[in-house]
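With our numbering, letter number 48 in the sequence shown gets 51, and the count goes up by one each step, no holes.
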Amino acid sequence: MTANAADFAGSGCGRRYEKELETHFRDCLLFYLDGRIRFERYCYGEAACLVFSVWAHGFDADGNILWDREPEFESQKTAIPRVLTDIQEDGNALQFDGAFKRYVKTEEFDEDKPNGYGKFKVFWLKRKK
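Put into structure tokens, the structure is as follows:
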């Protein structure tokens, strides 16, 4: 499936998609205006925190996510989505690896300073389009 990661970023800086029906972890995919993708896994509960994250620089022609580096642990390697297999609800739900659980759009954001997307960078990325 051919896809452009920037198409899922929306009109602002980007969008967050969260894996539905997840009980142990909160898995999120963030799509940015420049076509970058960030996977984040958070744990639930009292000690809720970021477990790990990994960056990608988009999709290839077959819909494979082009991860910048592979996670080092096996549990992390199996957690990250690999191939976009379906786009549903006009881009508000994404299916990866043919899995039952989809990633559903939960947020649109205008900036993401912790990940390097401040207002100034977003301004220049929008002008570059």
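Positions of the beta carbon are idealized from the N, C-alpha and C atoms, including for glycine.
Local Cβ density within 10 Å of residue i, reported as buried at 16 or more and exposed below that
{"i": "P84", "result": "buried"}
{"i": "A12", "result": "buried"}
{"i": "A6", "result": "buried"}
Range of the contiguous beta strand (DSSP E) that encloses residue i
{"i": "L24", "result": "Counting along the chain, L24 falls outside any beta strand (DSSP E), and DSSP gives it neither H nor E."}
{"i": "L33", "result": "28-35"}
{"i": "S56", "result": "53-62"}
Residues bridged to residue i [DSSP beta-bridge criterion]
{"i": "N67", "result": "V86"}
{"i": "D115", "result": "Y120"}
{"i": "K108", "result": "Y20"}
As assigned by DSSP and simplified to three states, the class of residue i
{"i": "A102", "result": "coil"}
{"i": "G94", "result": "helix"}
{"i": "E77", "result": "helix"}
{"i": "R44", "result": "strand"}
{"i": "R39", "result": "coil"}
Separation of residue j from residue i, as counted between CA atoms
{"i": "L97", "j": "I40", "result": "13 angstroms"}
{"i": "C16", "j": "G38", "result": "10 angstroms"}
{"i": "T26", "j": "A102", "result": "16 angstroms"}
{"i": "C31", "j": "F123", "result": "25 angstroms"}
{"i": "F126", "j": "Y120", "result": "10 angstroms"}
Any C-beta of chain D under 7 angstroms from that of residue i
{"i": "R19", "result": "The structure shown contains no chain D; it is built from a single protein chain."}
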